[in-house]
Ligand SMILES: [Fe+2]
């Protein structure tokens, strides 16, 4: 398989304060260089017997491949980020920036500050969409900053010296300001609209318990913090307490095999949250029985360990009555 080179997106003669010579050099030597390296690496990898190759060879090739893939993809976004006046941000994009950063101005100040923080160092400064989190984020890649898995860049600023030295010398502050005055926000918005169409990783689906409603640990914590009345039942099998001697602070333990006996103690006016070790079968079965009996019950997704993972308060396990 061979990678393809993309044409230059921006029209260099329309840019203000960035010379065509800088853009041409950048495109030809740095973008073109990444393209050549990537295809050479792909060829090397194809010719290699992975089982027989020394580990350091595989490691180097895969590191070089990742660097070249990032360089290729990010240069394309960089050149496609330039070409307008940087001022007019279309409504969808402006709303998205305001939603995720507080205001467009707040976004701009963070992005520019991040770029200037590289201070003559090198790397990429990016505005990316994170499908997993459903939001935009500013971040940098290079010089010790790793790429973010799953992030989709919609705006890219190249902070490597080759991107500015010809026109700006060491004056990176002026380069960053000039970049901001040449952003093509319509093109950024097009990429944003494509990015938000990317589905986040699919959530855990428990098909056999599709009828049983769940609640997240964060939602339970918010209810407790707000003082909302809620009855929390730890329905972990008895033997699990020997493996995990603590339990959720706000919970009482009840034997999951005796739901019919202890459910009469519960109030039907306040919601019930039940959970087991990981939030699979045991808690769901208890909740199903409670709902059948008319309780407003939900199981806590992720169970005991999700509660611990968000550092929810715990106490020593107490096997109270009805043990
Ligand atoms: Fe570059």
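In our numbering, the protein residues as written are 7 to 329.
Where a beta carbon is used, it is the ideal one built from N, C-alpha and C, also for glycine.
Check: Nearest residue (CA-CA) to residue 246, options 136, 64 and 325; Outcome: 325
Check: Per-residue DSSP class, three states only, for residue 304; Outcome: strand
Check: Opposing strand residues paired with residue 320 [DSSP bridges]; Outcome: 254
Check: Residues near residue 117 in its chain [Cβ-Cβ closer than 7 Å; skip 5 each side]; Outcome: 131, 133 and 144
Check: Option in 149, 156, 155 and 157 with minimal Cα separation from residue 164; Outcome: 149
Check: For residue 109, the three-state DSSP class (helix, strand or coil); Outcome: coil
Check: Reduced DSSP secondary structure (H/G/I, E/B, other) of residue 220; Outcome: strand
Check: Residue 169 beta carbon near ligand 1 (any heavy atom closer than 7 Å); Outcome: yes
Check: Pick from 195, 9, 34 and 18 that is closest to residue 49, judged by C-alpha positions; Outcome: 9
Check: Distance CB(residue 74)-CB(residue 40) smaller than 8 Å; Outcome: yes
Check: Under the three-state DSSP convention, the category residue 160 falls into; Outcome: strand
Check: Cα-Cα separation between residue 124 and residue 96, rounded to whole angstroms; Outcome: 29 Å
Check: Opening and closing residue of the alpha helix (DSSP H) in which residue 280 lies; Outcome: Not the alpha helix (DSSP H): residue 280 falls in the beta strand (DSSP E), residues 278 to 281.
Check: The region 25 to 36 touching the region 57 to 64, judged by at least three CB pairs closer than 8 Å; Outcome: no
Check: Residue environment, residue 311, which counts as buried when at least 16 other CB atoms sit within 10 Å; Outcome: exposed
Check: Distance CB(residue 276)-CB(residue 223) smaller than 8 Å; Outcome: no
Check: Alpha-carbon spacing of residue 189 relative to residue 65, whole angstroms; Outcome: 37 Å
Check: For residue 38, the three-state DSSP class (helix, strand or coil); Outcome: helix
Check: Burial state of residue 283, where buried means 16 or more other Cβ atoms lie within 10 Å; Outcome: buried
Check: Beta-carbon proximity of residue 333 to residue 82, cut-off 8 Å; Outcome: One cannot answer for residue 333 here, as it falls past the ends of the chain, which runs 7 to 329.
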